Amino acid sequence: MRFAVDTGGTFTDLVVEDDSGEVRMYKAATTPTDPIKGVLDTLDAAAADYGLARPDLLAKGDMLIHGTTHAINAIVTGNTARTAFLTTQGHPDILVLREGGRIEPFNFTVPYPQPYIPRSLTHEIPERIKYDGTVREALDEKAVIEIIAALKETKVEAVAVCLLWSIVNADHERRVGELLDQHLPGVPYTLSHALNPSLREYRRASSAAIDASLKPLMGEYMGGLDSRLRDAGFAGRVLVVTTQGGAMDAADMAQSPIHSINSGPAMAPLAGRTYAEADSGADTAIIADTGGTTFDVSLVRGGRIPWTRETWIGQPYRGHMTGFPAVDVKSIGAGGGSIAWVDEGGLLHVGPKSAGAVPGPVCYGAGGTEPTVTDASVVLGWIDPDFFLGGTMSLDREAAAKAIQSHVGDKLGFGLHEAAAAILSVATENMVHAIEDITVNQGIDPRGAVLIGGGGAAGLNVTAIARRLGCERAIIPDIAAALSAAGALMSDLRAEYSGTLYTQTASFDRERVNELLARLEGQCREFIAGPGAGSIEQIIEFTAEARYPSQIWEIEVPLRGNRIASDEEVAGLRDDFHATHEEIFAIADHKSEVEIVGWRANVRCRLRDGVQWNVQEAASEVEVPDSREAYFSDIGLAEARVLRFEDMERGAEVAGPAIIESSFTTVVVDPGASATRSKSGSLIINPVSGG
Amino acid sequence: MANDVPANGDKLDGVQLAILNKRIQSICAKMANTLLRTGRSGVLNSARDFSCVLVTAENQLLNVSESLPIHVLRGADMMCEAMQEFHPDLKRGDAFLHNSPYHGGSHPADHTYLAPVIDDDGIHRFTMVAKAHQADCGNSIPTTYHGGARDVYHEGALIFPAVRIQSDYQDNLDVVRMCEMRIRVPEQWWGDYLAALGSARIGEREMLALGAEVGWDTLNRFAEQWFDYSEQLMITSINRMPGGKKVIHTRHDPFPGAEEGIEVKVEVEVRPEEGVIEVDLRDNPDCLPCGLNLSQACTESSVLLGIFNAIPEDVPTNAGSLRRVKMHLRENCVVGIPVHPTSCSVATTNVADCVGNSVQRAIAELGDGYGMASAGAIIPPSIGVISGSSERTDGAYVNQIFLGWGGGAASPQADAWISIGHIGNAGGSYQDSVELDEMRFPLHVAGRHFITDSGGAGRTRGGEGVYCEFGPTQGDMEVGYVSDGNHSAPEGARGGGVGACANQFRRDPNGDLHQLDACAQAVIPEGHTIVSYSCGGGGYGAPHERSAEQVAHDVREKWVSVDVAKETYGVAVSAAGVIDEAATGKLRDAQGG
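As you go down the protein sequences, you meet chains A and B in turn. Going by the numbering used here, the first residue of the first sequence is number 39, and it counts up by one from there. Going by the numbering used here, the first residue of the second sequence is number 7, and it counts up by one from there.
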């Protein structure tokens, strides 16, 4: 049995897959102050459903894969460790100067970003290594020991070390690490060459700074997760989802917590890819994951999940660069919990503020006073107040109506239904905007893609979003409510190793390149023999980071093999570079030689065979009527058919207006649209009948 | 989308306007991405010194990629006009190379490629413009900023007034060979040619597809409505501004050919009720026998960027919003319309910065909450053009490096964006990685960091200058730079303090410093280094209006020294940032704060 738990801002989702391929999902409220409690609560719900005591259920588990927002939350709220930055003398402002760059040239209302580690906690180390790895100035150990004494004085909780050219000669960085061990024991540190051995000191320093600042917190979190699961009876392996869309052991994640920064949202496209292919044969998809707090958009293009090389926490140039590639995900503050408000000019806004898990929407009756998208959906008759979360929670429609009327309707001069419908329209527009942003960046035309809806709130406006984008199909998988957790179950163990070695095709340094490739392959093999032991399939892929002479931005070119053994193979690499350059930029300089700066090896260990799931819904005791009154902007109040998702036959079709409900989600089929249950169990929505 | 397009003659609604605008923006963004990622010259791939622009068939600026303001506000339209005048027979597949400052170009180093978008019926609909600053443009010395050039002949650049460089999508190799015979490191130029022309062609392809999809008439209607919409936003913004007239002077330092320095006088009048801003630059010196004269494109762009910086709202910059700015220029004026053979080699930075800074400072003086202080002057050696010859580079190298510049101007709403570069760049430039430069060139960077107390004091603080020291590791290195601000400090606004001045030295192997000229082609022998101090930027508002907590933070973070905190800000604070409330109260009372 395998478990996947995804902790979101509002809900914690659990997907359980038993050995026969039967899958069940559960949700519990997230406890922001103790996210592990939410994990255990979902396991409680599962145990009850399986009719087992929790320890007995957990004892059956081989593996638990966890997606968490703990790290990113700590960064956003400023709750990371007090971290010091040690760098080469003469270059103290690496984190301040960054790499320059700015957006919105005429907007001077935004202040310059504060460095990730303040200047007051930055120390310069007397030493200098040259570009070729030779030592220009020896490491002054006495000075390092004095700096460490100062760190002790200022009570730093973590240390990031980034020295110039540590990527070609790591001796100085390593020695600083040893001195930290010796003179500042117990304080975690990150050495830049070990974490992210890539060219360009800002990126590497930023990686190290972010990583170190997360170590105390994530070490404790991972330790707590592991021990509380063990105490609860789990004896299997605990994995954590990475920003790159893979998984790694929790203990390893504690050692390099930067990889958990975008842990949750990186999983949704894995599941999205599977369903797009199964339900429509499409290899291009937009995955829109709507939770309570955020709306995350990711993509599948030509069957691959696109990455971004430059990942920012926050806005480009205003936030902090992680220095690592990541699955390209665009997140905005929009979800079921997004709060609707009217500004002084009379303009309606929805989000980015969210009612979150606490107090939640007004209709939860837990103290929320500001109307949310969920409240609007209840008022419109889209969400059944008596059948929320399978009837386990009853919603207060009256309170929701009052809040919408007073906060939105009265201010706009709208009636209750008009106001509620306007809230949904604005939320839809915000989401469409986010989708357009990422599809334009990745060069995808939304009209040729299928839209996959995930997350508990996806079904409310998936038809409306598909219409706005001109998508021909929208798909709500039966596992949609826990799409990220489902994706986690489909993930591979992954690791990436890289090295910097400059050479060019005209005078290719075959010996040293192959030495480096052999070292990278060795690291991959070690990974396969270690964490990857017992996996079904292992794949190692090499790429070169290359450019034309005097360009400064590299592009990635896959190597044809594991080594570059002959002049022909060098020529092959050169040709592949021209072709890749032409594919990305529509031009190539065939006369030119090529420079290679960096080399990477990616290792993937597949943990499971293809997914053939049979999703079981927990049965509900609540009787649901066949139809109910609901409001739609274009036709007003109408009698909408109501169906249970799990009761809908495969191949059955229903015309809108209709509402298809399960315990965890509500899918609204607008008037003029239709929905069909596919063979795989997904709901396929045709936004325009006959279209 | 195709379904949403209205019938002929109908107006597009707000949603349709927004969507078409987004589509066009994304076309220019795609062009820009190609140029950035594939350009060879440092000034392209690091400083993002390029722009991608869409101009209508009537030569109206419709959309610009997010790029250097000095590049994009005016000029593309004038260059398209020259193209149409010289080549009334435009055909699909044509492309033109343009860098003539006498025909709408900014300065000769900005090679611009114009690709007319011709529909299936042979009608010229739009022009895609990709402008890219080159590392070398064939000047008589290895720099694209020839401050001492007496005229265009002494300057030496090849001038192309909208010369057809492609017909039927094929290169005109005559022109290519001319460039290869005159431009240093021709492979680098060829790479930039491919990058910039490729960018224009990508834009052309996308516009042809968009025209086919939504119809050319719809795009024309879009353009008209978008201009009107932008003009309306501009009017609304100006309506809110404080009215009045203000004259501001900004001095450029003495340079060869301008031994007295250049005093730029800018008269700005804001007429809120009319929604008009009027700027008069006629009362300024005649063109000078040096490379600092502005081209007309740069004169107008520098005025406009000062205005857009001064307005807090986000107004689209296109022909529509520009209608609300009236400019008065005269021929043969250093900040006006140059007459051939006047040299405009350094037209995009130094004197242009004086104009832009004056405009935004004039608006600041009209009312609190508007305008900005002056940003730092440039071009210091840390941003110089380096050249030499070494084994490492397989022979000759010429390239502009971007090792560090700061000097942002304080605004009424926020402390400066420190790393602004200069006002015409607006911070878009990247700052080179030390590792990347040491890998590419035979140089060693001994140090670089911001300079404490170099930002202008104020309610909001000016940006700090950058200290940078570097030198060659193989053979001599020439460093070409034109560093204004050695004498005239960047001014604050509304009582804000000045930014620190620039300076530069050569350090010999014994560690002794030797003063270098502000405008020079300095030779740095192996074993020596060049030491560069870039300007700080001006502050906004009186320093004693800055909260004591903010000043304490500034001190703790070493932006402001304990002494300056006390003397200029009136805040008694320890180096650790602990405020002495009583002493601070006394100091501030004495300052009248």
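All residues carry an ideal CB built from backbone N, CA and C; glycine is no exception. For clarity, every value in this text was computed on a predicted model and none was experimentally measured.
CA-to-CA distance, residue j to residue i, given in whole angstroms
i              : j              : result
D647 (chain A) : Q282 (chain A) : 21 Å
I755 (chain A) : H358 (chain A) : Because residue 755 (chain A) is not part of the residues shown, which for chain A are 39 to 729, the question remains open.
L521 (chain A) : V566 (chain B) : 51 Å
E55 (chain A)  : A84 (chain A)  : 11 Å
V11 (chain B)  : D223 (chain B) : Only weak support is given to the placement of V11 (chain B): the predicted model assigns it a pLDDT of 45, under 50, and the value that follows is read from those uncertain coordinates. Rounded to the nearest angstrom, the two C-alpha atoms are 10 Å apart.
T50 (chain A)  : N51 (chain B)  : 44 Å
M134 (chain B) : H628 (chain A) : 25 Å
E239 (chain A) : T349 (chain A) : 16 Å
A416 (chain B) : S435 (chain B) : 18 Å
I186 (chain A) : G468 (chain B) : 34 Å
T466 (chain B) : R563 (chain A) : 56 Å
G729 (chain A) : A526 (chain A) : Note that G729 (chain A) scores a pLDDT of 39, beneath 50, so its modelled location is shaky; the value from the coordinates is reported in the next line. Between G729 (chain A) and A526 (chain A), the C-alpha separation is close to 34 Å.
S716 (chain A) : A314 (chain A) : 12 Å
V61 (chain B)  : P322 (chain B) : 14 Å
N9 (chain B)   : V220 (chain B) : Because the pLDDT at N9 (chain B) is just 38, under 50, the model does not fix this residue reliably, and the point stays unresolved.
D131 (chain A) : N290 (chain B) : 41 Å
A63 (chain B)  : F132 (chain B) : 5 Å
K271 (chain B) : D16 (chain B)  : 47 Å
E60 (chain A)  : I490 (chain A) : 22 Å
E203 (chain A) : I593 (chain A) : Reading the sequence as shown, one finds Trp at residue 203 (chain A) and not Glu. Their backbone Cα atoms lie some 21 Å apart in a straight line.
Contact list for residue i against chain B, beta-carbon separation under 7 Å
i              : result
R347 (chain A) : Simply none; closest approach about 11 Å.
F623 (chain A) : T40, R43, T44, G204
R612 (chain A) : Residues of chain B passing the Cβ test: none, with the nearest at roughly 15 Å.
P143 (chain A) : E72, P75, A432, G434
W203 (chain A) : E441
Proximal residues of chain A, C-beta to C-beta of residue i below 7 Å
i              : result
S425 (chain B) : L135, G138
A420 (chain B) : F146, T147, V148, P149
L200 (chain B) : I625, D627
K28 (chain B)  : E474
Interface partners of residue i on chain B, CB under 9 Å
i              : result
H129 (chain A) : V440, V451, G453, R454, H455
Q443 (chain A) : Under the 9 Å cutoff, chain B gives no residues; its nearest Cβ is about 27 Å from Q443 (chain A).
Y240 (chain A) : Q437, S439
Residue i vs residue j beta-carbon contact at 8 Å
i              : j              : result
V404 (chain B) : A141 (chain B) : yes
G373 (chain A) : G428 (chain A) : no
Q437 (chain B) : E137 (chain A) : yes
G312 (chain B) : P278 (chain B) : no
F408 (chain B) : G48 (chain B)  : yes
L555 (chain A) : N499 (chain A) : no
A381 (chain B) : A499 (chain B) : no
Where residue i meets chain B, residues with beta-carbon distance less than 8 Å
i              : result
N234 (chain A) : What N234 (chain A) touches in chain B: nothing, since even the nearest Cβ is about 13 Å away.
W637 (chain A) : In chain order: nothing, as chain B lies at least about 15 Å away.
P156 (chain A) : R562, E563
Neighbouring residues, chain A, relative to residue i (Cβ below 9 Å)
i              : result
S435 (chain B) : G138, G139, R140
heavy atom of the ligand NAP below 7 Å from residue i C-beta
i              : result
L287 (chain B) : Among the components of this structure there are no ligands whatsoever, and the ligand NAP is therefore not found.
Quick one: complete beta strand (DSSP E) runs, 3+ long, within the segment 316-379 of chain B?
-> 331-334
Positions along the segment 322-341 of chain A whose CB lies within less than 7 Å of some CB in chain B = Cβ contacts with chain B come from no residue of the segment 322-341 of chain A.
Kindly provide the ranges of any beta strand (DSSP E) runs that are 3 or more residues long and lie completely inside the segment 187-238 of chain B, ordered along the chain.
-> none
Would you mind listing the alpha helix (DSSP H) stretches within the segment 88-174 of chain A that are 4+ residues and don't spill past its ends, in chain order?
-> 92-97, 108-114, 132-135
Could I get the ranges of all uninterrupted alpha helix (DSSP H) runs contained in the segment 20-62 of chain B, with 4 residues as the minimum, in chain order?
-> 20-44, 48-51
Using a beta-carbon distance cut-off of less than 8 Å, what residues from the segment 569-593 of chain A approach chain B?
-> Cβ contacts with chain B come from Y586, P587, S588, Q589, I590, W591, I593.
Scan the segment 82-167 of chain B and note each continuous beta strand (DSSP E) run of 3 residues or more that stays entirely inside, going in chain order.
-> 101-104, 116-124, 130-139
Scan the segment 254-328 of chain B and note each continuous alpha helix (DSSP H) run of 4 residues or more that stays entirely inside, going in chain order.
-> Counting only runs of 4 or more, we get 302-316, 325-328.
Just list the beta strand (DSSP E) runs in the segment 506-592 of chain B, keeping only unbroken ones of 3 residues or longer that don't cross its boundaries, in chain order.
-> 509-513, 519-521, 525-530, 535-539
Where the segment 514-526 of chain B meets chain A: residues whose CB sits under 9 Å from a CB there = none
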